[in-house]
Ligand SMILES: [Zn+2]
Ligand SMILES: [Zn+2]
Ligand SMILES: [Zn+2]
């Protein structure tokens, strides 16, 4: 028999193959072929991107010239643009608005050959620092309601350029998937008066079946109701709803655990494509007792099919207990 598990926050169900679960060798992993095309994110090609919004570079170097360690630029093909008015309106029974928002790219290093998993802790701290700085800056814009930070790695995970980068989108609305989590967390909080994510951390520590790794400030595990094989959640152990409020010391713990998770995923699953998202509170109110920011990472190992489309259930061939064991048992390079 397979097993159905219900997510305590969103109420969604997923199906797990517990009879013949797929291990790390059960998937065909896409290879990363170098494209050889001119790369707009490489040092020396700064003129090929829109002008930078944020950069880490020595004071002696000039904006939009070489010498930088990290750059944030507007996306050249933005899904949303920052100029103009929202212009919400109705059209019969439909609602629409202009495509207002921000869409930025964070170029994590000038080095074309590095993946995010290759970045040093110091470089990765600059990347996460840029996530924070850009989130804080966009908060000043009253038209924006939600900021999503995400990364696509590998073509099948949606990355159109191979040079390592992350993205940030600020939206004039709170997206439905976030609302679903927020509403679910509120419902849980209403009768228990506890944050469901804090409870989940306690339970994972107690069960000790799905943990991948941890440090003083953070825990990484495969959630009980994973939608995807080898799905990973990274949560701060202390309650916090707002990613951008992260202080310096927890930031170091986040960077350390993120690096470790990326290396474990690469080693366990033959360098798979992946996506990660950072889910945090909407811009207002940011402080919430019932919500807890977190990073969700999913290697791209399966394709969605009609069943997922039609039901919103996911069929997961790898129970999280097995996924966590595989990821935990990777022997890390010293
Ligand atoms: Zn490049
Ligand atoms: Zn919490
Ligand atoms: Zn989430």
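Residue numbers (my numbering): 1 to 334. A virtual CB, placed ideally from N, CA and C, is assigned to each residue, including glycine.
Residue j beta carbon less than 8 Å from that of residue i
i	j	result
residue 254	residue 169	no
residue 66	residue 52	no
residue 330	residue 267	yes
residue 167	residue 104	yes
residue 121	residue 256	yes
residue 241	residue 177	no
Heavy atom of ligand 1 within 7 Å of residue i beta-carbon
i	result
residue 41	yes
residue 163	yes
residue 239	no
residue 32	no
residue 47	no
residue 112	yes
7 Å Cβ shell around residue i - same chain, five flanking residues per side excluded
i	result
residue 239	195, 198 and 292
residue 138	102, 144, 147 and 170
residue 76	49 and 50
residue 294	197, 233, 234, 235 and 279
residue 182	291
residue 61	67 and 68
residue 214	220
residue 204	210, 211, 219 and 221
residue 305	none
CA nearest to the CA of residue i, picked from the options
i	options	result
residue 9	324, 186, 235 and 99	186
residue 150	277, 288, 103 and 134	277
residue 58	68, 167, 49 and 228	68
residue 14	287, 284 and 227	227
residue 343	75, 37 and 290	Residue 343 is absent from the structure shown; the chain starts at 1 and stops at 334.
residue 141	311, 283 and 312	283
residue 373	60, 134 and 259	Residue coverage of the chain in this structure runs from 1 to 334, which leaves residue 373 outside it and unanswerable.
residue 117	230, 165 and 62	165
residue 115	262, 286 and 40	262
residue 19	2, 35, 6 and 7	2
residue 230	4, 16 and 7	16
residue 251	55, 39, 126 and 113	126
residue 336	309, 162, 109 and 54	Shown here, the chain extends from 1 to 334; a query on residue 336 therefore has no answer.
residue 218	206, 237 and 200	237
residue 111	162, 205, 6 and 287	162
residue 95	173, 305 and 309	173
residue 100	91, 92, 78 and 90	78
residue 73	60, 304 and 56	56
residue 36	113, 180 and 128	113
residue 34	303, 128, 160 and 129	160
Closer than 7 Å: residue i CB and nearest ligand 3 heavy atom
i	result
residue 294	yes
residue 204	no
residue 181	yes
residue 279	yes
Cβ shell of residue i (< 8 Å), same chain only, five flanking positions each side left out
i	result
residue 98	84, 85, 86 and 87
residue 11	184
residue 64	46, 47, 51 and 52
residue 192	199
residue 307	313 and 315
residue 109	69, 70, 119, 123 and 164
residue 222	210, 212, 230, 231, 232, 233, 320, 321, 323, 324 and 327
residue 92	none
Distance cut-off 7 Å: residue i Cβ against heavy atoms of ligand 2
i	result
residue 198	yes
residue 213	no
residue 222	no
residue 128	no
Residues of its chain near residue i, where Cβ-Cβ distance is below 6 Å and the 5 sequence neighbours each way are ignored
i	result
residue 327	212, 264 and 268
residue 107	41, 71 and 165
residue 209	321
residue 131	149
residue 82	102
residue 135	147 and 244
residue 281	241, 242, 288 and 291
Check: residue i C-beta below 7 Å from any heavy atom of ligand 5
i	result
residue 259	Of the ligands one can find in the structure shown, namely ligand 1, ligand 2 and ligand 3, none is ligand 5.
Any C-beta of chain C under 8 Å from that of residue i
i	result
residue 277	Judged by its chain identifiers, the structure shown contains no chain C, having just a single protein chain.
For the 8 Å Cβ check, are there 3 or more pairs between the segment 269-278 and the segment 294-301? Touching, yes, given that three or more Cβ pairs across the two stretches are closer than 8 Å.
Should the segment 306-321 be regarded as contacting the segment 235-250, the criterion being three or more beta carbon pairs within less than 8 Å? Taking 8 Å as the limit for Cβ pairs, the verdict is that the segment 235-250 does not touch the segment 306-321.
Does the segment 11-28 come into contact with the segment 321-330, if we say contact requires no fewer than three beta-carbon pairs (one atom in each stretch) closer than 8 Å? Yes, the segment 11-28 touches the segment 321-330.
Quick test of the definition: if touching needs 3 or more C-beta pairs under 8 Å, does the segment 27-38 touch the segment 155-162? Below 8 Å, enough C-beta pairs join the segment 27-38 and the segment 155-162 to call them touching: three or more.
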